[in-house]
Each structure stands twice: as structure tokens, then as C-alpha cells.
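Down below is the structure, laid out as C-alpha cells.
In the working numbering, the protein residues as written are 7 to 88.
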């Protein structure tokens with residue numbers, strides 16, 4: 007994690023990290039973005055969800071937003087935004 011991301015989380019007086027994940031029908035993680043800004047995370051989640059095609063939804067693709075407390079709980083392949 008870059009110093010600026012850690013500083014942004016600490017400035018917010020919290021270490022809440024929001025993780026957006028998009029899974030295919032087999033449960034394979036296809037996209038992941040993590041950030042400390044809850045509003046940015048909500049916007050990203052809506053985008054992940056809204057951009058699923060009808061076929062993907064029918065096949066069982068899902069988008070989820072979860073909150074973690076440490077960067078160790080963020081998937082290693084995540085795009086980390088500050």
C-alpha cells in the first residue's frame with residue numbers, strides 16, 4: 007500500500023477499507039477495487055452491479071461490497087485507490 011493511501015485512511019480517523027468485488031458464476035474473483043472512501047466505494051459498487059449484463063446475472067455473476075479493517079484482508083490483486 008502506498009503511503010498516501012494509508013495517510014488518507016488515517017486522516018479519515020478510521021481504518022475502514024471498502025472492498026468492491028465482482029465474481030463470476032464459478033465464484034472466481036473477476037474484478038476488485040479497494041478504497042478508504044465510503045462514497046467512492048458505494049459509487050464503484052453501483053457501477054459494478056449496474057454493468058453486469060443480463061446474461062451474466064442469469065449465469066450467477068454477483069457484485070458485493072464489504073468492509074474490512076486491514077489491508078491484509080484485501081485480495082492481493084485488488085486495485086487500491088486513494
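In this text, a Cβ means the ideal position worked out from N, Cα and C, and glycines have one as well. It should be emphasised that the depicted structure is a prediction, and the values quoted were computed from it without experimental measurement.
Query	Result
Taking only the alpha-carbon atoms, compute the straight-line gap between residue 51 and residue 27 and give it to the nearest angstrom.	8 Å
Count the other CB atoms within 10 Å of the CB of residue 32; is the residue buried (16 or more) or exposed (fewer)?	exposed
Just the C-alpha distance for residue 83 and residue 59, rounded to the nearest angstrom, thanks.	23 Å
Taking C-beta to C-beta, are residue 69 and residue 55 nearer than 8 Å?	yes
What are the boundary residues of the beta strand (DSSP E) that includes residue 27?	23-29
Going by C-alpha to C-alpha distance, which of 25, 29 and 24 sits closest to residue 62?	29
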